[in-house]
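This note's numbering applies: residue 12 is where the sequence shown begins, and numbers increase by one. Worksheet: the structure to be examined is printed underneath.
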Amino acid sequence: MPPLPQGDYKIIIRPRGGLRVADHGAARLATSIYHAAEIPRETQDENTMCLNSQQNIIVVSTPIEAHADKYQKISRITIGNQTYDTSAYEAAPDFTSKGVIRDVPLEDYARDITANIITSKNPTAIAAKRLSNTTTVMSCSPVSAYQRHRADVCPNPNDRLCRGCGAANPPQDHQCKPTCQLCGDNHQTADKACKARYKTPYLVKRRQWERERQQQQHEDCPTDPTPDKNSLEQRDPDPFRKPRGRVSETVIGPRQRSARPSRHTALPREGVGDSSRQISDEGGDCGRGGFTPGEFTEEYGWKTASSKRSSAVAGRVNHHVSTSSQAGHCSSGAPSMKAGGYKLKNRIVRASRMPPVPKEHIKIVIRPRGGLNITKTGPTVIGRAIVEAAGLNSSETNEDVICPNYQQNIMVASTPERHNADKYSRIGLIQIGGKDFKVSAYETAPHST
């Protein structure tokens, strides 16, 4: 926006039909706009008009509300012998944030829109304006764009502020109780211990959420299989013990297997029992004062460990591993849930939730029939039809809240009055645009039940 007086009404006039504001002077365009808005000559000095060549718009600033209304009604201007169509709307006030409200009927006047938005239930709203001739309304709320600035980049270094209480230009012997201006705790503003000193970027927060979700998934579904007794038995290294020979397990059965040392687990074949197992020692001193097969226990430092297999061996033993896993444990070969599964799950959960309404109110769910789509029709039109079908007036529905649930295609009426709830529950037909639609209404269970 061009630099204009704060507190004035700012009207944006956007020309159509190929008019370029850079090709015409500001004085010529101002004369055409004053003539189109019918602004008297004696009151034109109170208005400020300037051009924005980059966006090809004309910005009018005026402290008079009546002039602002006239500027918004401009639909065409005449320059020379040619007429151009224009669209005008009021910009948001200074130091405010804008919110968009859609599907507002065109029949509602500006006073009705302001009365419906600026209420005791919405104390932060200070203005509400319709965007041109559309069903979209802009709501404004006061907000500060920045949390001031650092002392080393202050444009006015002579204007000092106390970091404790925020007093302007404190004396040398100033004493106060520190209060942080960012978080409100009992420390100096922007102290090292302040949690609001730096804000965590959204991307970092999202990575933290994903890591927590993956960790929770692994805790709920462990992927490490429980070691079984068919795993390779390997001794822990002991620097004070004489190294012994390598030990391997040999299966003796209908089909003789080699007794050579093996790094892989010897899996049993069908028809071969545990009684046909032997322990062989290569290069050791078994039987010469060393250990015996009966002493092959954990007291000598032996433990069970899983061995790595090649892809071919893993493919041959996949069936055996899946059948020998204990009940209640997840298989290591099971596919992990991907992000798509989480999105679908979250969407289903959101669809089943009720809209945010007061907990102590009585909730009535109204489900339209006959192909009525809440998203296309608009919740404002449907809400007005529900109130009319219930036979309630505006004074009786001041504390009622009617909001949509687009996922389930339902309307939720929340009211603290039992009389209104009974009328909402009896609705069986609503009328929208001269057409009747059947609905089914029922009361939901109370909160926390």
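Beta carbons: idealized from backbone N, C-alpha and C, even for Gly.
Under the DSSP definition of a beta bridge, C61 partners with V70. Counting only unbroken stretches of 3 or more residues, the beta strand (DSSP E) elements lying wholly within the segment 368-444 are 373-379, 412-416, 421-426, 440-443, in sequence order.
In the displayed model, E53 falls within a helix according to three-state DSSP. Proximity to P26 across P16, N67, T59 peaks at N67, based on C-alpha coordinates. Contact check between the segment 426-444 and the segment 363-383: three or more CB pairs, one atom from each, fall below 8 angstroms, which counts as touching. Contact fails between the segment 37-44 and the segment 104-112, because fewer than three Cβ pairs, one in each stretch, are under 8 angstroms apart. Taking the Cα of L142 as reference, the smallest distance to any Cα among Y95, S152, I124 is reached at I124.
If you draw a 10 Å sphere on the C-beta of D170, you find fewer than 16 other C-beta atoms in it, and that means exposed.
Non-local beta-carbon contacts of T388 in its own chain, meaning distances under 7 angstroms to residues more than five positions away in sequence, involve I443 in chain order. Taking all protein chains shown into account, L30 has 16 or more neighbouring C-beta atoms within 10 Å of its C-beta and is therefore buried. Per DSSP, reduced to three states, the secondary structure at E118 is coil, with no helix or strand assignment. Looking from the CA of E57, the closest CA among E49, D19, I441, Q65 belongs to D19. When the Cα atoms are used, I75 and Y82 turn out to be separated by approximately 11 angstroms.
Secondary structure within the segment 84-145: the beta strand (DSSP E) runs of 3 or more consecutive residues, fully enclosed, are 87-90, 93-101, 107-112, 138-141 (chain order). Apart from sequence neighbours up to five positions away, the residues of its chain that approach G394 with a beta-carbon distance below 6 angstroms are I413, ordered along the chain.
If you look at S43, you'll find it isn't in any beta strand (DSSP E); it sits in the alpha helix (DSSP H) that goes 37-48. Taking H35 as reference, the option from L62, P16, P51 with the minimal CA-CA separation is L62. Looking from the CA of N384, the closest CA among P369, E118, T408, F448 belongs to F448. For T107, the CB contacts under 8 angstroms within the same chain, skipping 5 residues up- and downstream, are I137, A138, C151, S152, P153, V154 in chain order. One alpha carbon belongs to P427, the other to E410, and they sit about 7 angstroms apart. Beta-bridge pairing by DSSP links A33 to no other residue. Taking a C-beta distance under 7 angstroms as the contact criterion, A401 and I438 qualify as a contact pair.
If you ignore the 5 residues before and after P181, its C-beta comes within less than 6 angstroms of the C-beta of C173, all in its own chain and listed in chain order. With contacts defined by Cβ atoms closer than 7 angstroms, C187 and C205 do not form a contacting pair.
Taking 8 angstroms as the upper bound for CB-CB distance, N420 and P379 are in contact here, some 7 angstroms apart.
DSSP, read as helix, strand or coil, puts D231 in helix. Excluding its 5 nearest sequence neighbours in each direction, S436 has C-beta neighbours in its own chain below 7 angstroms: I375, A452, Y453, E454, listed in chain order. Among the bridge pairs identified by DSSP, V450 is matched with P379.
Taking each of M60, P16, A99 in turn and checking the Cα distance to R87, the smallest one comes out for A99. As a beta-bridge residue in DSSP terms, A179 pairs with L172.
Cα atoms of K354 and I85: separation of roughly 48 angstroms, rounded to the nearest angstrom. Here A103 is not near I23, since their CB atoms are 7 angstroms or more apart. Taking D96 as the centre and dropping the five residues before and after it, the same chain places the C-beta of R27, G28, S86, R87 closer than 7 angstroms to its C-beta, in chain order. Contact check for S64 and K21: beta-carbon distance about 17 angstroms, past the 8 angstroms limit, so the pair fails to qualify.
Measuring C-alpha to C-alpha distances from T145 to each of A48, P116, N167, N127 identifies P116 as the nearest.
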